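Step one of this worksheet: look at the structure below.
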Amino acid sequence: MSVKNYQKFYSPLSAVHSADFGRCIYCGCEAAKPDFIPPIKFIHDWQDGHLQADFISVPSCNECFDLLKNENNATLEPRITVLKKLLAEKYKKAIRVFNHWSMEEIEEMDAAFQISLKGGMRLGKETLSRLQYSGFDYEVNGNITRVAKPQREVFKVFDEEFSSFREALAFASATYKIKKSRLSQLYFDNDESFDKAIEAFHGLVGGRP
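Laid out in structure tokens, this is it:
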């Protein structure tokens, strides 16, 4: 049976609000093609009905579609989680550039480095926006699902609070005189806590002979 013939088993997912029409449900970019859940190439794994599967088609952009084409997820939420991980991994260098550099620092470099780093900054910022995208209210077969907006994430550096990792990293680096790259590594090595990372750094420094 051809792919088109299998499509009859899937119900389309549609945005409820006009502002979300034509958006990728995964990252908010412009949708280009439907992503089938579970993927048609794996449909025989789920067709007997013994395992839970959504059997829906959702709007996706070309990149999200390509990243997910070999992922055998049968429901929407796990597929979203997998996509975010794949996207973060693909653009981890750009995210790192965005988090670790400021435009003022970049402006002090020579032209060749500026072009490269500014491009990384733009890509990293765009990627973080896509990773933070929470989807939209949608309808399938007349049933509407409301998508809760994510709670604002807070990054703490002792008594100071910041709305982004980038802002918290810049503050902690400047205040406690730790290189951003070193502090970032310590942050992830210490339960994603700036407080523990800073204490760990000073413990390492203080413990040197």
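Numbering-wise, my numbering puts 126 at position 95 of the sequence shown, and it's gapless, one number per residue. Beta carbons: idealized from backbone N, C-alpha and C, even for Gly. Values in this document were obtained by computation on a predicted structure and should not be read as measured data.
- Inspect the CB distances between the segment 73-92 and the segment 48-65 and report whether three or more fall short of 8 Å. Enough Cβ pairs lie closer than 8 Å, so yes.
Problem set entry | Contact check, Phe189 vs Phe202, beta carbons under 8 Å | Result no, Cβ atoms of Phe189 and Phe202 do not sit closer than 8 Å.
Taking the straight line between their C-alpha atoms, what separation do you get for Cys55 and Leu235?
Going from the Cα of Cys55 to the Cα of Leu235 covers about 46 Å.
| said: Using a Cβ-Cβ distance cut-off of 8 Å, determine whether Leu117 contacts chain D. | reply: Chain labels in this structure do not include chain D; a single protein chain is all it has.
Subject >> Complete runs of the alpha helix (DSSP H) confined to the segment 206-234 [at least 4 residues] >> reply: The alpha helix (DSSP H) runs of length 4 or more contained entirely in the segment 206-234 are, from start to end of the chain, 211-220.
Limits of the beta strand (DSSP E) - the one that Phe67 falls within
Taken as a continuous stretch (DSSP letters only), the beta strand (DSSP E) holding Phe67 covers 64-68.
*Endpoints, the alpha helix (DSSP H) within which Asn104 is located*: Premise fails: Asn104 is in no alpha helix (DSSP H) and is neither H nor E.
In angstroms with no decimal places, state the Cα-to-Cα distance between Asp76 and Ser195. Rounded to whole angstroms, the separation of the alpha carbons of Ser195 and Asp76 is 41 Å.
If you reduce the DSSP assignment to three classes, tell me which class Ala203 lands in. In the three-state reduction of the DSSP assignment, Ala203 falls in the helix class, which pools H, G and I.
query: Cβ of Cys92 versus every heavy atom of the ligand MG: is any distance shorter than 7 Å?
result: In the structure on display, the ligand MG does not appear, and there are no ligands present to speak of.
For Ala46, does the three-state DSSP call read helix, strand or coil?
Strand at Ala46.
| task | Identify whether Ile56 lies in helix, strand or coil by the three-state DSSP scheme. | result | Note: Ile56 maps to coil in three-state DSSP.
His131: buried (16+ other C-beta within 10 angstroms of its C-beta) or exposed? By the neighbour-count rule (16 or more Cβ atoms within 10 Å), His131 is buried.
- request: Taking all protein chains shown into account, decide if Ile66 is buried (16 or more other Cβ within 10 angstroms of its Cβ) or exposed.
  value: In the sequence under discussion, the amino acid at residue 66 is Asp, which differs from the Ile named in the question. Buried, since its Cβ has 16 or more Cβ neighbours within 10 Å.
Range covered by the beta strand (DSSP E) that runs through Lys187: Here the beta strand (DSSP E) through Lys187 covers 186-188.
Note to self: I believe Leu162 touches Leu214 by the beta-carbon criterion, under 8 Å. Please report the beta-carbon distance rounded to the nearest angstrom.
What the structure shows: The beta-carbon distance between Leu162 and Leu214, rounded to whole angstroms, is 21 Å. This is too long to meet the 8 Å contact definition.
Quiz item: Going along the chain, which residues of its own chain have a beta-carbon closer than 7 Å to the beta-carbon of Ser42, five neighbours each way excluded?
Solution: Within the same chain, Cβ atoms closer than 7 Å to the Cβ of Ser42 are found at Phe86, Ile87, Val171, Asn172, the five residues on either side in sequence being excluded.
Using three-state DSSP, classify Asn172 as helix, strand or coil. Reduced to three states, the DSSP call for Asn172 is coil.
### Task
Over the uninterrupted beta strand (DSSP E) stretch that includes Ile87, give me the two end residues.
Segment 87-91, the beta strand (DSSP E) holding Ile87.
**Item:** Which listed residue (Ser147, Phe144, Phe129) has its alpha carbon closest to that of Glu157
**Value:** That would be Phe129, whose Cα lies nearest to the Cα of Glu157.
Skipping 5 residues on each side, what residues in its chain have a beta carbon closer than 6 Å to that of Lys227? Contacts found: Asn221.
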